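Residue numbers (my numbering): 4 to 68. Backbone N, C-alpha and C fix where the C-beta goes; we use that ideal spot for every residue, glycine too. These numbers come from a predicted model, not from an experiment.
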Amino acid sequence: MQPLNISKWSGILQWCEYTNFSPSRIITVGDAGNDLEMLIHADKSIVIAGAEKRLIDIADHVIPP
4 MQPLNISKWS GILQWCEYTN FSPSRIITVG DAGNDLEMLI HADKSIVIAG
54 AEKRLIDIAD HVIPP
């Protein structure tokens with residue numbers, strides 16, 4: 004369970020603002036439902052094989068575990 008309006012993606016955006024790094028250059032790797040938002044918004048998304056189907060469906064790349 005996560006607090007409202009807090010996600011891995013919101014953390015990435017905060018880090019980007021702090022470091023002056025463009026969010027359009029972010030590559031994310033995930034394998035679980037709580038990774039969905041960051042995988043959707045990242046420039047490139049990588050999902051581990053065997054992850055939830057909805058993650059595999061939106062991934063740019065699927066890699067072995």
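Taking every protein chain shown into account, the CB of L42 has 16 or more other CB atoms within 10 angstroms, so this residue is buried. The closest CA to that of S13, considering only I30, E40, D34 and A35, is found on E40. For G53, the secondary structure class from DSSP, reduced to helix, strand or coil, is coil. Taking V32 as reference, the option from S48, A54 and E55 with the minimal CA-CA separation is S48. With contacts defined by Cβ atoms closer than 8 Å, A52 and P26 do not form a contacting pair.
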